[in-house]
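Numbering (the numbering used here), first residue to last: 111 to 223. Where is the CB? At the ideal position from N, CA and C, for every residue including glycine. Below: one structure, written as structure tokens.
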Amino acid sequence: RMIGIEVATSIVKYINSGASVNAVNFAECDLRAIPSTDLTTVRIVNVHQNVPGVLRQINNILADYNVNKQISDSKGDVAYFMADVTVNDPKEINTIYEQVTAIQENIITRVLF
Numbered sequence: 111r112m113i114g115i116e117v118a119t120s121i122v123k124y125i126n127s128g129a130s131v132n133a134v135n136f137a138e139c140d141l142r143a144i145p146s147t148d149l150t151t152v153r154i155v156n157v158h159q160n161v162p163g164v165l166r167q168i169n170n171i172l173a174d175y176n177v178n179k180q181i182s183d184s185k186g187d188v189a190y191f192m193a194d195v196t197v198n199d200p201k202e203i204n205t206i207y208e209q210v211t212a213i214q215e216n217i218i219t220r221v222l223f
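Have a look at this one:
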């Protein structure tokens, strides 16, 4: 019963905040929660192939924005990246999403508000 609660809690945390702590077959990342009063920060969550140069591509996309915090980890052939980014114009969120998903090594990208 306790393992069911632990797994359910981890899944909800992954869905809501992108946290992957205690993952068995996946890279482990977590960032502090974005305060609910902060309406200009979004969290970029990206899973990609673990090859050289992907982080440089992502950081080049984010270079024109204020990156409040970021973290990356990998496990085998898969890497996981999270960043909290200040975005003043909501249209920029879609621009960031489209640019990150266009990276050839992208597996999945999510934007959390």
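- Pairing I144 with T150, the inter-Cα distance amounts to about 10 Å.
- In this structure, the beta-carbon distance from A193 to V164 does not fall below 9 Å.
- Straight-line measurement puts the Cα of F136 at about 7 Å from the Cα of S130.
- Q159 and K201 have their C-alpha atoms roughly 27 Å apart.
- For R142, there is no enclosing beta strand (DSSP E), as DSSP marks it with neither H nor E.
- Counting only the Cα atoms, N126 lies some 18 Å from G114.
- It is roughly 17 Å from the alpha-carbon of C139 to the alpha-carbon of N216.
- In the DSSP assignment, M192 forms a beta bridge with V155 and I181.
- DSSP places N169 inside the alpha helix (DSSP H), whose first and last residues are V164 to L172.
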